[in-house]
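Participant:
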Amino acid sequence: MPTSTALQREFLQITQESSFGVMAATPTRGTNQIAIRLPGSNQFTMRPNPVVQPMPYGGGFQVIADTVSDKQECRGQLSTPLAYSQAKFLLDWASTRVSSGTIPWTTTEVAGQFASCTIDHAIMYDDTGAVKRTRYTGCKVDKWKFDISDESQYGTLQLDLIGSNFEGNTFDSSTDPTATDFPIPLDTDFPTDFILWVHSGGGLTIGSATRTEYTTLSLSGDNQSDVRYYATRILQVIRSYGTMFSVDSDITLVSTPDDRAALIYITAQPITIVFSGGTHSVTLAYHGNNRIKGLTDDTQLGKIFGRKLSLENRYDRTAGAYFGFTYT
Numbered sequence: 023m024p025t026s027t028a029l030q031r032e033f034l035q036i037t038q039e040s041s042f043g044v045m046a047a048t049p050t051r052g053t054n055q056i057a058i059r060l061p062g063s064n065q066f067t068m069r070p071n072p073v074v075q076p077m078p079y080g081g082g083f084q085v086i087a088d089t090v091s092d093k094q095e096c097r098g099q100l101s102t103p104l105a106y107s108q109a110k111f112l113l114d115w116a117s118t119r120v121s122s123g124t125i126p127w128t129t130t131e132v133a134g135q136f137a138s139c140t141i142d143h144a145i146m147y148d149d150t151g152a153v154k155r156t157r158y159t160g161c162k163v164d165k166w167k168f169d170i171s172d173e174s175q176y177g178t179l180q181l182d183l184i185g186s187n188f189e190g191n192t193f194d195s196s197t198d199p200t201a202t203d204f205p206i207p208l209d210t211d212f213p214t215d216f217i218l219w220v221h222s223g224g225g226l227t228i229g230s231a232t233r234t235e236y237t238t239l240s241l242s243g244d245n246q247s248d249v250r251y252y253a254t255r256i257l258q259v260i261r262s263y264g265t266m267f268s269v270d271s272d273i274t275l276v277s278t279p280d281d282r283a284a285l286i287y288i289t290a291q292p293i294t295i296v297f298s299g300g301t302h303s304v305t306l307a308y309h310g311n312n313r314i315k316g317l318t319d320d321t322q323l324g325k326i327f328g329r330k331l332s333l334e335n336r337y338d339r340t341a342g343a344y345f346g347f348t349y350t
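Numbering (the numbering used here), first residue to last: 23 to 350.
1. By the DSSP assignment, the alpha helix (DSSP H) with Y106 in it spans what residues?
2. Within the stretch 226-296, note down every full alpha helix (DSSP H) run reaching 4 residues or more, in order along the chain.
3. May I ask you to list the residues that DSSP assigns as paired with R157?
4. With distances taken from CA atoms, which of H221, F193, H143 is nearest D172?
5. Say whether the stretch 95-103 touches the stretch 178-190, bearing in mind that this needs 3 or more beta-carbon pairs closer than 8 angstroms, one atom from each stretch.
6. Buried or exposed: I36, going by 16 or more other Cβ atoms within 10 Å of its Cβ?
7. Output the boundary residues of the beta strand (DSSP E) element that contains T348.
8. Considering Cα atoms alone, identify which of T89, Y158, T238 is closest to F168.
9. Among the candidates F111, I256, T321, L331, whose CA atom is the shortest distance from the CA of S92?
10. Cutting at 7 angstroms between CB atoms, please list the residues of its own chain near F297, excluding the five before and the five after it.
11. Determine, using beta carbons only, whether A307 and G342 come nearer to each other than 8 angstroms.
12. May I have the straight-line CA-CA distance separating F83 from P72, to the nearest angstrom?
13. Going by Cα to Cα distance, which pick from V163, T156, Y147 is closest to C139?
14. According to the neighbour-count rule (16 or more other Cβ atoms, all chains shown, within 10 Å of its Cβ), is A284 buried or exposed?
15. To the nearest angstrom, how far is it from the Cα of N191 to the Cα of E95?
16. In the DSSP assignment, what are the bridge partners of W166?
17. Counting along the chain, where does the beta strand (DSSP E) carrying M77 start and finish?
18. Could you tell me which residues DSSP pairs with K330 in its beta bridges?
19. For the beta strand (DSSP E) holding F83, just list the boundary residues, first then last.
20. Ordered along the chain, which non-local residues of its own chain (more than five positions away) have a Cβ less than 7 angstroms from that of L60?
21. Only counting the same chain, and skipping five residues up and downstream in sequence, which positions put a Cβ closer than 6 angstroms to that of M23?
22. In or out: V74 buried (at least 16 other Cβ within 10 Å) or exposed?
23. For V44, collect the residues of the same chain with a Cβ closer than 8 angstroms to its Cβ; drop the 5 residues on either side in sequence, then sort them by chain order.
24. Residue range of the beta strand (DSSP E) that R97 falls in?
25. Determine the closest residue to D244 out of M77, F188, S174, A116, with distance taken between C-alpha atoms.
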């Protein structure tokens, strides 16, 4: 593993798991392990917390006397600029269901479910300068959202995460990961091939037309996770039996195509979104059976009139699919 003497107050790595809660045996940074860039404030918020239940005093008064807890919860968000070199890893984790044991990567996780990852997080204490490393195992994506706009210029991926366990803790006598397990990332470990707004030009197709007059894109998925502890302190199972995908965009108010008619008559809308950076591209295919669920006119004074377009993905019987992406 690489080492670095660079001073970093916070750093993060994500490693693919070969089975739920078990990290791949030989992680290699840049392939089945990536260092995540955290350029803003509070961009990784997962922390272990007890799931508590208050115990009332009793005797007819609504007064809390005690608090009990028999389980731990690891939940939080990760927000990072999305780069082409990390897009397949992160989007596979968020949206590709396990198939044949090798898709999206080699895992024993149940077919039709989502693969899991181990997340290592480090943060510096202010008083000593020492670094506290924590490992979160069995992490899956509950929800995801990708935002990009003319104003932001680059795209940001936000993941709502659920983890099974954290190390170290006193419950299973585990210890914190070491600097050998989780070294400070090198500058070269961080990606630089960011997905930019201009890379979407000519790549947005809604209905029968390629759209050219739009100022924002927001893509999201909700995996509707179901979790089970099974009378243990740590989470044992994370399952997903349905996902909702949506697309939102601010577009210019034009007469053609007639989005208002498509909304009123619930007309099926094919959607394809392509980001092409030259060397690599990401294509998000929503197939042919989407519907416009919201269309709000935006008539600001002194501004080009626009619309806030919201689309909902539906299963496409012809394609035999609902959502998928390809990476080249």
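C-beta: ideal position from N, C-alpha, C; glycine also.
Facilitator: Reading it off the structure:
1. In the DSSP assignment, Y106 falls within the unbroken alpha helix (DSSP H) covering 106-117.
2. Taking only runs of at least 4 residues, the alpha helix (DSSP H) segments lying wholly in the stretch 226-296 are 281-286.
3. DSSP lists D142, E189 as partners of R157.
4. When only C-alpha atoms are compared, the closest one is H221.
5. Contact holds between the stretch 95-103 and the stretch 178-190, because three or more Cβ pairs, one in each stretch, are under 8 angstroms apart.
6. In summary, I36 is buried, with 16 or more beta-carbon neighbours lying within 10 Å of its beta-carbon over all protein chains present.
7. Per DSSP, T348 belongs to the beta strand (DSSP E) from 346-349.
8. Restricting attention to T89, Y158, T238, the CA atom closest to the CA of F168 is found in T238.
9. With the sequence shown as reference, residue 92 is identified as Asp, and Ser is not the correct amino acid for it. For the set F111, I256, T321, L331, the Cα lying nearest the Cα of D92 is the one of I256.
10. Leaving aside the five residues that flank F297 on each side, the residues in its chain whose CB is nearer than 7 angstroms to its CB run, in chain order, I217, H221, S222, G225, S303, V304.
11. No, these two residues do not count as a Cβ contact at 8 angstroms.
12. Distance between the alpha carbons of F83 and P72: 26 angstroms.
13. Closest by alpha carbon: V163.
14. Taking all protein chains in view, the Cβ of A284 is crowded by 16 or more other Cβ atoms within 10 Å, so the residue is classified as buried.
15. Approximately 13 angstroms, taken between the alpha carbons.
16. Beta-bridge pairing links W166 to L181, G243.
17. It spans 75-80 - the beta strand (DSSP E) in which M77 sits, taken as one unbroken run.
18. Per DSSP, D272, T318.
19. Residues 83-90.
20. Contacts found: E32, L34, F66, T102.
21. Any reading at M23 is ruled out, since the residue's pLDDT is 42, under 50, leaving its predicted position unreliable.
22. Per the 10 Å Cβ criterion, exposed.
23. Here the set comprises T159.
24. R97 -> beta strand (DSSP E) spans 94-103.
25. Selection M77, F188, S174, A116 evaluated against D244 yields A116 as nearest (Cα-Cα).
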